[in-house]
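In the working numbering, the protein residues as written are 5 to 176.
We put the CB at the ideal spot given by N, CA and C, even for glycine.
These numbers were taken from a predicted model, which means no experiment stands behind them.
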């Protein structure tokens, strides 16, 4: 997935300034598609240069905000991307590399790493559960798919907690 398409997706919902786009991403997709402000602004500039996004000044805004609006070409690219099947991307899990070679540091240090990771996973689960209460079950297709995306993250973190617990038992 590219940040380009994530941004076009958000702009398909409504015009946004770069700042508002960052806030929208942080409030929704940051757990599986993080992007910093510089990445967002660089990508917006490329989208404008490619004719996929237009920019409009906000009248009377003392902060000189600019709204970014997806063009018809930008929406067509987004729709094409949404319809295209892409192979699964390789992922890198630094924590799993630590576990793979963790025998070098001994069981006590491995348990400490696992317990720390479990704390992080518990915090993430709490965050996901909180967000889940704000998205109603059912509703239109967009709401259903946003809830499904959130539940995917929740199921992944729950599986990680289970794996950590099993691994802690195994290294006792």
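- Minimum Cα-Cα distance from residue 138 among the listed residues 164, 150, 128 and 127 corresponds to 150.
- Bounds of any beta strand (DSSP E) do not take in residue 133; it lies within the alpha helix (DSSP H) bounded by 111 to 138.
- Within its own chain, no residue has a Cβ closer than 7 Å to the Cβ of residue 83 once the five positions on either side in sequence are excluded.
- With contacts defined as CB atoms closer than 8 Å, residue 115 and residue 172 qualify as a contacting pair.
- By the criterion of a C-beta distance shorter than 8 Å, residue 79 is surrounded in its chain by 12 and 16, once the five residues flanking it on both sides are discounted.
- Bridge partners of residue 72 according to DSSP: 20 and 59.
- When secondary structure is reduced to three states using DSSP, residue 36 falls in the coil class, being assigned neither helix nor strand.
- DSSP places residue 147 in the helix class (H, G or I) of the three-state scheme.
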